[in-house]
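Structure record follows, encoded as structure tokens.
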Amino acid sequence: MISIFAEENQLLLTYQPDRFNDARWLDEKLRQDGEVTLRRTFTFTGADLLTQSASSEERDDSERIFLLGLLEDGYYKINGDVLGLKHDLLLDRGMTLVPSTFIAQRDISVFRRIDELIDEPIVVGGDNESAIPLADFEQLLKTFPTSTELTHYARARIVRVLKDYFGTISDAEGQLNQYLKRKKKLPAASRESIVSNFELQKFEYVHAELESMLKQVDAYSEKDWQAKILGLLLFVFPKYVAVLENVHIKDFYTNASKTTDRYIDLMLVDANGNIDIIEVKKPFPNAMVSRSTYRDSHTPKKELAGSVMQAEKYLFHLSKWGHAGEKEIYNKRKSELPTWIELKITNPKAMILLGRDNDFVGQQRFDFEIIRRKYANMLDIMTYDDLLRRVGNIIEMMRRQNSARIVTPNRRGA
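Residue 138 in the numbering used here sits at position 151 of the sequence shown; the count goes up by one each step and never skips.
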């Protein structure tokens, strides 16, 4: 087992063998390979070892102590090579450092996973401007999946691959099939009643499928997630008749000397040919507004601010391109459009779907609403919980309307 503790200006890691082994394997590993890795996370060389065995010939099953980091300017600085990082790691000296700070379930290196996603030093806590606040880091540790969750994620990914070949269906898809079977058994009724029942079943399916997806986000790649969510959104927003992917547009303003090519991931076209754009991001916790406050306000996180800025730029470039843009996009993508449609760039708007708001606390929800309303004239910023609530409200309204239709004829016949 390993433990971590501070001593004066040093951060130390202790390795203690279990009762069935001794520590000599570690000495031999260092002698042969020049380094040893513990828990798939910490890699030490002989220079890091502070305690040595007295003799290779005599039995020595005592602990081994390694130098993990040194205290500098209020942070424990850990060499990037020890953790396999691109940069040295800085941890606030006030943090409670235990193995689980560094290692998640199944010996997953926490900081290596973070390092894979960024290209700058990782700083946790303290006064550094680029530091991850301690509260956010603790929340991040909680989001690392448990061993059971990892098993479920692995199974979910396998199911998604096999589904195309073996016809395996999710609970939500099975539920839709049950809805359709019940639809065939509907008693003779007015066309209006049949249509309203089908519409209700459609939204119930969307709600069930969305809830199912949100329980297994990691089972989807980014592209698969976007495709599945778009399919559901077209149910919820039926005015759109086409989705265009990776649409080439022109930017005349970033570089005054030449035109820059830009690409919009997803473009929506409504029944009248009007163009809108949509950004669909996989939902991650704590991705919307900061947990800490700046001048008593929760500020937008990078994912939210970046998505808004990107959408604004796309809308700007589309509007400036005007009629020439309409013709060029149409000529390139007309095979994906209804034959009768003409594209129009007329005050385009953007929809941004990202993040969750079910973990908002205190004033976060209020501050997020202010941010959202600021852009309401051109952007519809929506969390996945927003989408669930919208669909849920539609379902509730339709159920009431259907109940009223059933009750009204009975009253007339009374």
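Note that the Cβ used here is the ideal one computed from N, Cα and C, for glycine as well.
Across the set Arg93, Lys319, Ser96, Gln351, the C-alpha of Gln351 shows the shortest separation from the C-alpha of Asp283. By the Cβ rule, the region 225 to 238 counts as touching the region 247 to 259, because three or more pairs are nearer than 8 Å.
Taking 4 residues as the shortest admissible run, the region 277 to 302 contains no complete alpha helix (DSSP H) segment at all. Taking C-beta separations shorter than 8 Å and ignoring five residues to either side along the sequence, the partners of Asp106 in its chain run Lys73, following chain order. Taking C-beta atoms under 8 Å as the contact rule, Ser279 and Pro120 qualify, at a distance of about 5 Å.
Of the other Cβ atoms in all chains shown, fewer than 16 fall within 10 Å of the Cβ of Thr83; this residue is therefore exposed. Only buried fits Gln188, as 16 or more other CB atoms lie within 10 angstroms of its CB.
Linking Asn66 to Gly309 through their CA atoms gives a straight-line distance of about 53 Å. In the displayed model, Ile328 falls within coil according to three-state DSSP, outside both helix and strand. Here Arg51 is buried. Its C-beta has 16 or more other C-beta atoms within 10 Å. A straight line joining the alpha-carbon of Gln213 with that of Lys269 spans about 8 Å.
The Cβ atoms of Leu78 and Gln(-3) do not sit closer than 8 Å to each other.
Judged by pairs of C-beta atoms under 8 Å, the region 313 to 322 does not touch the region 336 to 352, as fewer than three such pairs exist.
By the criterion of a C-beta distance shorter than 7 Å, Ala118 is surrounded in its chain by Val110, Val111, Gly112, once the five residues flanking it on both sides are discounted.
The Cβ-Cβ distance between Lys64 and Leu70 does not fall below 8 Å.
Rounded to whole angstroms, the separation of the alpha carbons of Leu76 and Glu209 is 29 Å. Setting aside the 5 residues that flank it on each side, Asn184 has no residue in the same chain whose C-beta is closer than 6 Å to its C-beta. For the options Asp35, Lys129, Glu116, Phe29, the alpha carbon positioned closest to that of Arg99 is the one of Phe29. Closest in C-alpha terms to Tyr62, from the list Lys289, Asp114, Met(-12), Ala258, comes Asp114. Separation of Pro325 and Ile332 (C-alpha to C-alpha, rounded to the nearest whole angstrom) is 17 Å. Between the alpha carbons of Ala122 and Glu59 lies a gap of roughly 22 Å. Look at Thr333 here: in three-state DSSP terms it is coil, with no helix or strand label. The three-state reading of DSSP puts Met275 in coil, since its state is none of H, G, I, E or B.
Taken in chain order, the complete alpha helix (DSSP H) segments of 4 or more residues contained in the region 177 to 240 are 178 to 201, 209 to 223. Contact between Pro86 and Ile(-11) holds, with the beta-carbon distance rounding to 6 Å and staying under 8 Å. Taking a C-beta distance under 8 Å as the contact criterion, Lys245 and His304 do not qualify as a contact pair. Around the Cβ of Arg359, a 10 Å sphere holds 16 or more other Cβ atoms; the residue is buried.
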